[in-house]
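*Asks:*
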Amino acid sequence: MNIPGQLRLNDTKSLINEINELIYKNLDKQWMTVEWEKKENGESADKIHPLVNAAFDAYQHIDNFIRTNTAGITPAIWEISELAIKINNLKRNNVKSLQNRIDNLISFDHSLYLTARYEIQVAGMLLSRGHGVEFIEECGSKTPDILAVNGLGKCEIECKHKDPSEDQLDYIKSIYNNTQGARKQFSKNYPGLIFIDIAKDKYGEYQIECKRLLEEIERALRNSFSISAIIITSKVSIEECDDFVYRHRAFVIVNKNPRYIVSDWLKNNLISK
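Numbering-wise, the sequence shown is residues 2 to 274 according to my numbering.
1. Note down, in chain order, each residue of its chain lying with its Cβ closer than 6 Å to the Cβ of Gly154, except the 5 sequence neighbours on either side.
2. Using beta-carbon positions only, say whether Leu91 and Leu23 come within less than 8 Å of one another.
3. My output table needs one value for Gly6: the three-state DSSP class, helix, strand or coil.
4. So the candidates are Lys236, Ile121, Glu219; which of them puts its Cα closest to the Cα of Ser229?
5. Between which two residues does the beta strand (DSSP E) carrying Leu194 extend?
6. Could you check if Lys87 is buried or exposed, using at least 16 other CB atoms within 10 Å of its CB as the buried criterion?
7. For Ala46, does the count of other Cβ atoms within 10 angstroms reach 16, so buried, or fall short, so exposed?
8. With 16 other CB atoms within 10 Å as the buried threshold, where does Thr13 fall?
9. Alpha carbon to alpha carbon, what distance is there between Ile78 and Tyr60?
10. Out of Asn105, Phe187, Leu127, point me to the one whose CA is closest to Trp266's CA.
11. Spell out a yes or no on whether the segment 29-40 and the segment 92-99 are touching, meaning 3 or more CB-CB pairs, one atom from each, closer than 8 Å.
12. So, is Arg93 buried or exposed, given that buried needs 16 or more other C-beta atoms within 10 angstroms?
13. Who are the near neighbours of Ala117 in its chain, counting only those whose CB is closer than 6 Å to its CB and skipping five residues on each side?
14. Roughly how many angstroms lie between the CA atoms of Gly131 and Asn70, to the nearest whole one?
15. Excluding the 5 residues flanking Ala56 on each side, which residues of the same chain have their C-beta closer than 7 Å to its C-beta?
16. Using CA coordinates, which residue listed in Lys185, Ser108, Ser129, Ile158 is at the minimum distance from Val53?
17. Under a Cβ-count criterion, where at least 16 other Cβ atoms within 10 Å of its own Cβ denotes burial, should Asn89 be classed as buried or exposed?
This is how it looks when you write it as structure tokens:
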């Protein structure tokens with residue numbers, strides 16, 4: 002069954018079509034040509050944009066599956082196909098300020114790349130679940146990243162990506178600090194959600210320290226009426242039936258005393274299970 006918000010592809014052709022649409026239509030052609038030539042000329046992966054590394058490797062993996070009459074999913078296929086599906090869908094729906102996020106996505110500033118990728122993932126998930134979305138641009142003051150819209154209301158969303166290169170003695174405490182910065186972005190006119198993505202290599206720490214993380218987040222919620230809920234997400238790989246499955250995990254904590262509660266139209270259809 003195809004659950005809204007999940008990454009589903011019916012066949013290899015649809016997968017290739019989505020990736021082709023991203024690569025040849027929705028990304029800067031000159032930038033892509035330069036990066037692709039680097040890859041073909043054998044330059045090391047750290048000198049090539051991670052998006053191009055993923056796309057190049059994904060094409061090779063798919064070609065190998067076709068030639069060997071096998072099927073599967075690899076980290077590269079997961080990375081580029083998820084972004085392709087979401088960016089293409091956002092583009093088809095003329096989502097406001099998407100191009101600015103795409104420009105950041107192809108930036109060689111790794112922080113800009115990771116931030117834009119996460120904002121696109123969250124906005125794409127919301128759009129696939131039937132919500133209107135728009136990216137919000139800063140106009141002289143701090144603003145949230147995304148506005149989700151439904152016939153029943155609106156909700157502001159701030160996205161925080163935990164950079165895997167961060168060297169922090171207390172990763173859980175740093176998540177609390179993220180919430181305190183993010184809460185200042187909200188306009189206080191609508192419910193405010195904070196999405197925080199945990200790098201996959203930190204997911205084990207998140208599981209081990211789950212109780213302390215919950216305490217830190219509850220402390221953050223007590224300190225701010227502006228935050229309606231906090232959603233912790235992470236990509237993880239799970240071995241099932243001799244294959245690896247890549248999924249998004251989510252951990253949702255709702256404020257017991259917010260300025261605005263999370264409306265049912267969003268709360269009941271927010272996170273892929």
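Cβ atoms here follow ideal geometry from the backbone N, Cα and C, with glycine treated the same way.
These numbers were taken from a predicted model, which means no experiment stands behind them.
*Replies:* So, to answer that:
1. Ser264
2. no
3. For Gly6, the predicted structure reports a pLDDT of 40, less than 50, and the residue's modelled location is therefore unreliable. The matter cannot be settled from this model.
4. Nearest C-alpha to Ser229: Glu219.
5. 193-199
6. buried
7. exposed
8. Answer is exposed; the Cβ neighbour count stays below 16.
9. 8 Å
10. Leu127
11. Because the criterion of three Cβ pairs below 8 Å is not met, the segment 29-40 and the segment 92-99 do not touch.
12. exposed
13. Closer than 6 Å at Cβ, skipping near neighbours: Arg102, Asn105, Leu106.
14. 36 Å
15. Ile20, Ile24, Ile81
16. Ranked by Cα distance from Val53, the options Lys185, Ser108, Ser129, Ile158 are led by Ser108.
17. buried
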